[in-house]
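Quick note, the sequences are listed as chains X, W and A, same order. Per our numbering: the first sequence = residues 15 to 226. Per our numbering: the second sequence = residues 158 to 243. Per our numbering: the third sequence = residues 1338 to 1565. Cβ atoms here follow ideal geometry from the backbone N, Cα and C, with glycine treated the same way. In this text the structure is predicted, and so the values were computed from the model without any measurement. Read through the structure below, which is laid out as structure tokens, and then see the notes.
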Amino acid sequence: MIGLAAAMFAVAPFMINNAPSEATMGLVYKIYFFHMPSAWMFLVAATTAGVASFRLLFLKRPNADHWVIAAAELAVLFGALTLVSGPLWARKSWGVWWVWDARLTSSLMVFLIFVAYTLLRKYGGAGSDKLGAGLALFGMANVPFIYISVNYWRTFHPPTSVVPKLPVEMGIPLWFCVTAFTLLYVVLLRLRARLEFQRARVEALYLAEDEL
Amino acid sequence: MRLRMFLLVMVLAGAWPVRAMQQPPQPPKDFVPVDESAPGEQIPAMPLIGGAYGFIWVAVFGYVWSLGRKLQKVDAEITELERRKK
Amino acid sequence: MIASFLRVAWHVMRKDITVEVRSLEILSTTMLFSVTVVLMFSFGLVSDGRPVDDVAAAILWIAIAFSGTLALGRTFERERHNDTLRALMLAPADRPALYAGKLAGILLLLVLVELVLVPLVGLFFNAPVLAQAVPLALLLVAGTLGFCAVGTLFAAMLVRARSRDVLLPVMLYPMTVPVMIAGVRGTAALFQPAPEPAVAQFWLGLLVAFDVVFVLLALWTFEPVMTD
Chain X
15 MIGLAAAMFA VAPFMINNAP SEATMGLVYK IYFFHMPSAW MFLVAATTAG
65 VASFRLLFLK RPNADHWVIA AAELAVLFGA LTLVSGPLWA RKSWGVWWVW
115 DARLTSSLMV FLIFVAYTLL RKYGGAGSDK LGAGLALFGM ANVPFIYISV
165 NYWRTFHPPT SVVPKLPVEM GIPLWFCVTA FTLLYVVLLR LRARLEFQRA
215 RVEALYLAED EL
Chain W
158 MRLRMFLLVM VLAGAWPVRA MQQPPQPPKD FVPVDESAPG EQIPAMPLIG
208 GAYGFIWVAV FGYVWSLGRK LQKVDAEITE LERRKK
Chain A
1338 MIASFLRVAW HVMRKDITVE VRSLEILSTT MLFSVTVVLM FSFGLVSDGR
1388 PVDDVAAAIL WIAIAFSGTL ALGRTFERER HNDTLRALML APADRPALYA
1438 GKLAGILLLL VLVELVLVPL VGLFFNAPVL AQAVPLALLL VAGTLGFCAV
1488 GTLFAAMLVR ARSRDVLLPV MLYPMTVPVM IAGVRGTAAL FQPAPEPAVA
1538 QFWLGLLVAF DVVFVLLALW TFEPVMTD
């Protein structure tokens, strides 16, 4: 699966280049091919972190904590990709780097929540797994709000109904990139969770050593 | 081992966008070509696109690389500890 | 069951009030802090010797947010210092009721601070605070409740964590951005020369929705998060 993800990423630039120029925005809209999948993966990662937090807190599965950490870090990564590529695109197409509309504001807010989570895990000391899970749950509660908000409030950001109406030449590279990003997300999630599992094993091994 | 292959392909994949972007864009079929408007009016798109894609590649690659290093370190530690246990 | 929940919450709140009334330490320091914040803004935001227009709503809510963070931190620091939180958790009481009691106490404290804050902001920034007093009061209570609901949970969670002083704002502010946005926009609509009560009502509705969601979520997560 790692190989497939990497291969798709290698092919992506060619597909993007072959997509036609859009009338109003020209060349720069091609940022969209990476911006939108990044945004989707950001939301998926946030949701994963929330679900795993729920399992940790309410279903009492201690292993879920490894998945929360992994998903939260990936939420920070993909959130950063989205929040950097978006303004770079906006500068050309809207003329401004940033607007305080519903979707951008709530995306930034959820991103900050997961940055806070990462800080909490690094510097909070013992017991911060439960605290972080509570934080991540609150973060996940905001995810549907982000997705729906643009449909309820006036905003510059293209509404979610744009996607199904895309012409085929744009649709192919887009869905290709979505698949590539999804694979990347799954691969990174599993690798990062594996790191946590391995670290737990190291601790267990050290403890076993001490007892001998 | 698989991780190293992944990293290698990512590095190679990172080289493509640079070359791909230098090829001239295909003439669009149904859309009005934008390059006809006066170049002085527009904010140049290339630095923005280059910045966006460049950032994404660097960020993803950097994360994968640091993750790979941490995984290697932890795996080495585990093999060492298991060896000591025996 | 609701009766015992309310009874426990009431007892916790009464305990907090009793302790606070003895010294009035947290109330007075928080009040002074909020006044200082408003003063600093009024020194900074001035043009031609007169306050800048249309900033009153924002400053009011920023002062509430800063003062609230301070009050939350201080309240739970007092609990940690005397180790009374563990005693509370050991008590055969419903955990969510403990949370509700602490929330009520802190909410009361902040409302008292706001009684001083609102006239001050009106004075320094030429804001018509009395013109739409009832809608304004509703907005303030709803917004403060939302802020405190999340804040009480996080502050309680952080009691035993390291770096808790800086982690509380880091965790709290992104989460309460919707409350801040709704509060400021609603208040700004009321402070206009021609006030717009309908707009304020919309934001009030949103605040109430947030309050319901956040309080319920906090009640639900308080128990699993606080257990060791």
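Residue i, DSSP secondary structure in three states
i	result
A/Val-1496	coil
A/Val-1374	helix
A/Phe-1484	helix
X/Phe-92	helix
X/Phe-68	helix
A/Gln-1469	coil
A/Gln-1529	coil
W/Val-231	helix
A/Asp-1420	coil
W/Lys-243	coil
X/Lys-144	helix
X/Leu-73	coil
X/Gly-109	coil
A/Ala-1428	coil
X/Gly-153	helix
W/Trp-214	helix
A/Met-1338	coil
X/Trp-81	helix
A/Val-1392	coil
Exposure of residue i, with buried meaning 16 or more beta-carbon neighbours within 10 Å
i	result
W/Gln-183	Unreliable positioning characterises W/Gln-183 in this predicted model, as indicated by a pLDDT of 39, which lies under 50. A coordinate reading is not provided.
X/Glu-87	buried
A/Val-1521	buried
X/Lys-136	exposed
X/Met-55	buried
A/Leu-1310	Limits of chain A in this structure are 1338 at one end and 1565 at the other, which puts residue 1310 of chain A out of reach.
X/Leu-221	exposed
A/Glu-1416	buried
A/Phe-1583	Past the edges of chain A, shown from 1338 to 1565, lies residue 1583 of chain A, and the structure says nothing about it.
A/Gln-1469	buried
A/Ile-1401	buried
A/Phe-1413	buried
A/Pro-1433	buried
A/Phe-1380	exposed
X/Ser-107	buried
A/Thr-1421	exposed
X/Thr-62	buried
A/Leu-1553	exposed
A/Met-1338	exposed
A/Val-1374	buried
A/Thr-1481	buried
X/Pro-76	exposed
Bridge-paired residues (DSSP) for residue i
i	result
A/Arg-1522	Its beta-bridge partners do not exist; DSSP assigns none.
A/Ser-1384	A/Arg-1387
Whether residue i touches residue j by CB criterion (8 Å)
i	j	result
X/Ala-130	A/Pro-1515	no
A/Gly-1442	A/Asp-1353	yes
A/Ala-1566	A/Leu-1447	There is no way to answer for residue 1566 of chain A, as the model of chain A reaches only from 1338 to 1565.
W/Ala-209	X/Phe-48	yes
X/Ala-84	X/Leu-197	no
X/Ile-45	W/Ile-206	yes
W/Val-231	X/Gln-212	yes
X/Met-123	X/Gly-64	no
A/Ala-1437	A/Asp-1548	no
A/Ser-1365	A/Ser-1404	no
A/Thr-1367	A/Leu-1440	no
X/Asp-143	X/Asp-224	no
X/Ala-89	X/Ala-53	no
A/Leu-1444	A/Leu-1544	no
X/Ala-194	X/Trp-81	no
A/Leu-1397	A/Val-1453	no
A/Ser-1341	A/Asp-1431	yes
X/Leu-151	X/Ser-67	yes
X/Trp-114	X/Arg-105	no
A/Val-1458	A/Ala-1393	yes
A/Thr-1406	X/Leu-71	no
Cutoff 6 Å; reference residue i; Cβ partners in own chain excluding five residues on either side
i	result
A/Met-1494	Val-1562
X/Ala-218	none
X/Tyr-199	Met-55
A/Leu-1369	none
Nonlocal neighbours in the same chain, by C-beta distance under 8 Å from residue i, ignoring five residues either side
i	result
A/Leu-1504	Leu-1495, Ala-1498
X/Leu-97	Ser-121, Leu-122, Phe-125
Contacts around residue i, its chain only, beta-carbon distance under 7 Å, and the 5 residues preceding and following it disregarded
i	result
A/Leu-1473	Val-1466, Thr-1524, Leu-1527
A/Met-1350	Gly-1438, Ala-1441, Gly-1442
X/Trp-189	none
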